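Contents: one structure, followed by commentary.
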DNA sequence: CGGGATCCGTTTCGATACTG
DNA sequence: CAGTATCGAAACGGATCCCG
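Protein chains in written order, with UniProt numbering: chain D, 1 to 131; chain B, 1 to 131.
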């Protein structure tokens, strides 16, 4: 597993298990990567890149490596020209789907309530709002 | 709400709602703060500091402000000497409890499996392990 | 007691250019 | 196609000192 994750798993008390989840799932694009692999079963590097908002290869590669090091996804390399690499969820990754879904659901609700608050403060030219 | 959160809520597509949750809940100590407020109902600054592992006041203050700005907790100041400040969960914060619990549960499970893996690699002087 | 101000090291993200 | 190497900018957590 990642050095960072190992440190956390070793040193932290049980009081903050939630922060372990965030340490593992909380990188840029990571929840989206896991969701996409949950939907599509298997995706190649380029497919993932296109389905996300085309992050730089450097960034996407690192997130994928971290997820692999933490045991959530598997990486299969086909030694051929042109190269081909397939990513899938591992069992651990599959087990994270309910949590990912919960994060998605709460985040969506939260965003909805907050957008209402924002719109109330600065109405977006909708019905009944004074011009 | 926090500028960062507002940016995310405004700009991000619905594809990555999970990352909204992580943006809101993912700071240092934040899940622990929310858990503690869930258990204790109301806590003062110093009580929180002691229940956590005594983070620096600077850090704790900022996490609390961010949670307040994002609408998850409330802050009540008693203008007296010595000062007294009480923190509680808001309705939004209460609504995050199931998610916090889910994060805690998954993180705990994950840590357990990973610790097993670590122990298998480097056994900690337990039964049957060669000296 | 509950912070604010200042400073600093690390981590992290992202852009650009290059490669087997 | 699926990366790697190098660089820069910013965010973040933390230590230290000071204050009403």
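Backbone N, C-alpha and C define an ideal beta-carbon position, used for all residues, glycine too. Since the model is a prediction, treat every value here as computed from it, not as a measurement.
Output needed for residue i: all residues of its chain with C-beta closer than 8 angstroms, excluding positions within five of it in sequence on either side, in chain order.
i: residue 22/D; result: none
i: residue 64/D; result: 33, 45, 48, 73, 75, 87
i: residue 3/B; result: none
i: residue 31/B; result: 25, 100, 103, 104
i: residue 59/D; result: 28, 29
i: residue 90/B; result: 71, 72, 73, 74
Quick check on the DSSP output: the alpha helix (DSSP H) that includes residue i runs from which residue to which?
i: residue 24/B; result: 17 to 25
i: residue 56/B; result: From DSSP, residue 56/B is part of no alpha helix (DSSP H); its letter is neither H nor E.
i: residue 12/D; result: Here residue 12/D belongs to no alpha helix (DSSP H), and DSSP marks it neither H nor E.
i: residue 106/B; result: 97 to 121
Within a Cβ cutoff of 7 angstroms, which residues of the same chain sit near residue i, ignoring the five residues on either side of it in sequence?
i: residue 97/D; result: 38
i: residue 120/B; result: none
i: residue 41/B; result: 88
i: residue 81/B; result: none
i: residue 109/D; result: none
State yes or no: is the C-beta of residue i within less than 7 angstroms of the C-beta of residue j?
i: residue 75/B; j: residue 66/B; result: no
i: residue 103/D; j: residue 18/B; result: yes
i: residue 114/B; j: residue 24/D; result: no
i: residue 100/D; j: residue 111/B; result: no
Among all the DSSP beta bridges, which residues are the ones paired with residue i?
i: residue 50/B; result: Answer is none; residue 50/B lacks a bridge partner.
i: residue 86/B; result: 44/B, 76/B
Based on Cα-Cα distance, which residue from the options lies nearest to residue i?
i: residue 6/D; options: 123/D, 70/D, 58/D, 79/D; result: 70/D
i: residue 55/D; options: 79/D, 27/D, 77/D; result: 27/D
i: residue 1/B; options: 118/D, 78/D, 83/D; result: 118/D
i: residue 62/B; options: 29/B, 43/B, 108/B, 107/B; result: 29/B
i: residue 107/D; options: 43/B, 84/B, 93/B, 58/B; result: 93/B
i: residue 43/B; options: 53/B, 91/B, 85/B, 60/B; result: 85/B
Please list, in chain order, all residues of the same chain as residue i whose beta carbon is under 6 angstroms from its beta carbon, the five residues on each side excluded.
i: residue 12/B; result: none
i: residue 51/B; result: 36
i: residue 130/B; result: Model confidence at residue 130/B stands at a pLDDT of 49, short of 50, so the residue's coordinates are unreliable; what they give is reported in the following sentence. If we look at residue 130/B and ignore the five residues flanking it on each side, it has no Cβ neighbours.
i: residue 78/D; result: 84
i: residue 16/D; result: none
i: residue 53/D; result: none
i: residue 116/D; result: none
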